[in-house]
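Residue numbers (our numbering): 20 to 207.
We treat Cβ as the ideally placed atom computed from N, Cα and C, and that holds for glycine.
See the structure below:
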């Protein structure tokens, strides 16, 4: 897959994330029910709608899709895939249910276990993060709405650069909904 093809896939993933984000917010702004999957994790209509929309966009690429909400494919099959999409249609379903706005749409294209591109969309804030790993470029774009055209997104995109590291300072990132006492003890 060359740079032009990756750019096309990035545009596709961005478009899918925005459409999914719009559907998620429609559910968010309504009354919705919560189901529980076999592993006791929550599932909402937003998860289902987002997953369906993303699949609609990505399936024509004929690249396999790994998503929490899709049928799970055995590792023995997956390990032979050269490329795959990895999707979390609503990352932070528990936060979505709490209505605190802390959830995202995540889409990545992976080649032989290494990311080629990634998209993270925060629909409650209309903030889009995306990266082209081969070009070593990452961007943030703040949008007016979920239907912002790709060309406008690219015009508004601000290049992100890594924070300068400090040998004395360690920054820890954790999950609000999955924080354990063991993790808190480790941080202290």
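>> Buried or exposed for residue 165, going by 16 or more other Cβ atoms inside 10 Å?
In response: Sixteen is the threshold: when 16 or more other Cβ atoms of the shown chains lie within 10 Å of the Cβ of residue 165, as they do, the residue is buried.
> In whole angstroms, what is the alpha-carbon distance linking residue 132 and residue 89?
Replying inline: 19 Å
> Could you give the C-beta distance for residue 103 and residue 82, rounded to a whole number, given that I count them as a contact under 8 Å?
Replying inline: 6 Å
> In chain order, what residues of the same chain lie with their CB nearer than 6 Å to the CB of residue 68, ignoring the 5 residues before and after it?
Replying inline: 42
>> Taking 8 Å as the threshold (C-beta atoms), are residue 109 and residue 66 in contact?
In response: Contact: yes.
> Nearest to residue 53 by alpha carbon, out of 45, 116 and 33?
Replying inline: 116
> According to the Cβ coordinates, are residue 140 and residue 34 closer than 8 Å?
Replying inline: No, the pair does not count as a contact, with Cβ atoms beyond the cut-off.
> Can you find a heavy atom of the ligand NAD that lies under 7 Å from the Cβ of residue 142?
Replying inline: In terms of ligand content, the structure shown is empty, and the ligand NAD therefore cannot be addressed.
> Going straight from the alpha carbon of residue 189 to that of residue 181, what length do you get?
Replying inline: Their backbone Cα atoms lie some 14 Å apart in a straight line.
>> Given a cut-off of 8 Å on the beta-carbon distance, is the pair residue 23 and residue 46 in contact?
In response: no
> If we call anything under 8 Å between Cβ atoms a contact, is residue 143 one with residue 44?
Replying inline: yes
> Residue ranges of each alpha helix (DSSP H) run of no fewer than 4 residues wholly in the region 41–88, ordered along the chain?
Replying inline: Those alpha helix (DSSP H) runs which fall completely within the region 41–88 and span 4+ residues are 64–77.
> Using the rule of at least 16 other Cβ atoms within 10 Å of the residue's Cβ for burial, across every protein chain shown, is residue 177 buried or exposed?
Replying inline: exposed
> Roughly how many angstroms lie between the CA atoms of residue 91 and residue 32, to the nearest whole one?
Replying inline: 21 Å
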